[in-house]
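Visitor:
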Amino acid sequence: QIQLVQSGPELKKPGESLKISCKASGYTFTDYAMQWVKQAPGKGLQYMGWINTQIGKPTYADDFKERFVFSLETSATTAYLQINNLKNEDTATYFCARGIIIDYWGQGVMVTVSS
Amino acid sequence: DIQMTQSPSFLSASVEDRVSINCKASQNLNRYLNWYQQKLGEAPKLLIYNANSLQTGIPSRFSGSGSGTDFTLTISSLQPEDVATYFCLQHNSWPNTFGTGTKLELK
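Okay, structure coming up:
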């Protein structure tokens, strides 16, 4: 069955970096884009952007053009989200999700940024 | 960016009630509007894609309607397991944008 399994929760200090993984299985990885979504505590969902899994080209929404990096390890059917120079406002759950339709989601990674 | 206005924000209904949730877009979406269910602590689940197509495995009590700027998710007979937050997503125009969510509870 189709699954997106994300890495575990993270506790970081402001200024640090982190890299979240999203391991895909049950389908051909390069047939579907990978999207990223942020859900801050008590807030709605915010679309971060997507990465073309065939050519590895990322596209970022305006709020995520600085400090955020989408990447792939295609041989491992894994997508990554890296966040550099973490800020308190990056505290959120981050989801990966499959395809233009956004049909399957990972379970989310809770990231806490606190000094 | 397209703004998605979702209503109501909160909904309380009884088992077997018919429930409707609405999303209104600031621009024409054609039919590129999805509905999701999110239970506490879980990943969102796709219910309806492209306005009215039922995702595989989703009970037929869920349905979607609408086109252009106005869309509705309907649960024909509310079940206890439907307690969740529901939200819409437009994927017609970059960047995708989400509705603000509707928290559905049992009365």
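Chain order of the listed sequences is A and B.
Using this note's numbering, read the first sequence as starting at 1 and increasing by one per residue.
Using this note's numbering, read the second sequence as starting at 1001 and increasing by one per residue.
A virtual CB, placed ideally from N, CA and C, is assigned to each residue, including glycine.
1) Between which two residues does the beta strand (DSSP E) holding residue 83 of chain A run?
2) Grouping DSSP H, G and I as helix and E and B as strand, with all else coil, what is residue 53 of chain A?
3) Note down the Cα distance separating residue 1088 of chain B from residue 1100 of chain B, rounded to an integer number of angstroms.
4) Compile a chain-ordered list of the residues in the segment 82–99 of chain A whose CB is closer than 7 Å to at least one CB of chain B.
5) For residue 1053 of chain B, which of B/1021, B/1078, B/1003, B/1034 has the nearest alpha-carbon?
6) If you measure from the beta carbon of residue 1051 of chain B to each beta carbon in chain A, is any gap under 7 Å?
7) Is residue 42 of chain A buried or exposed, if buried means 16 or more other CB atoms sit within 10 Å of its CB?
8) For the candidate residues A/31, A/5, A/64, whose alpha-carbon lies nearest to that of residue 89 of chain A?
9) Using alpha carbons as the reference points, say which of A/101, A/46, A/52 lies closest to residue 79 of chain A.
10) Indicate whether the contact test is met: 3 or more Cβ pairs, each with one atom in the segment 1076–1092 of chain B and one in the segment 1035–1046 of chain B, closer than 8 Å.
11) So what does residue 1100 of chain B bridge to, in DSSP terms?
12) So the beta strand (DSSP E) residue 32 of chain A belongs to, where does it begin and stop?
13) Examine the Cβ distances between the segment 1065–1080 of chain B and the segment 1019–1034 of chain B and report whether three or more of them are shorter than 8 Å.
Guide: Looking at the atomic coordinates:
1) 78–83
2) coil
3) Straight-line spacing of the CA atoms in residue 1088 of chain B and residue 1100 of chain B works out to 8 Å.
4) If the cut-off is 7 Å between Cβ atoms, the segment 82–99 of chain A has 95 near chain B.
5) B/1034
6) no
7) exposed
8) Minimum Cα distance to residue 89 of chain A is reached at A/64.
9) A/52
10) yes
11) None, per the DSSP bridge assignment.
12) Neither: residue 32 of chain A is in no beta strand (DSSP E) and is coded neither H nor E.
13) yes
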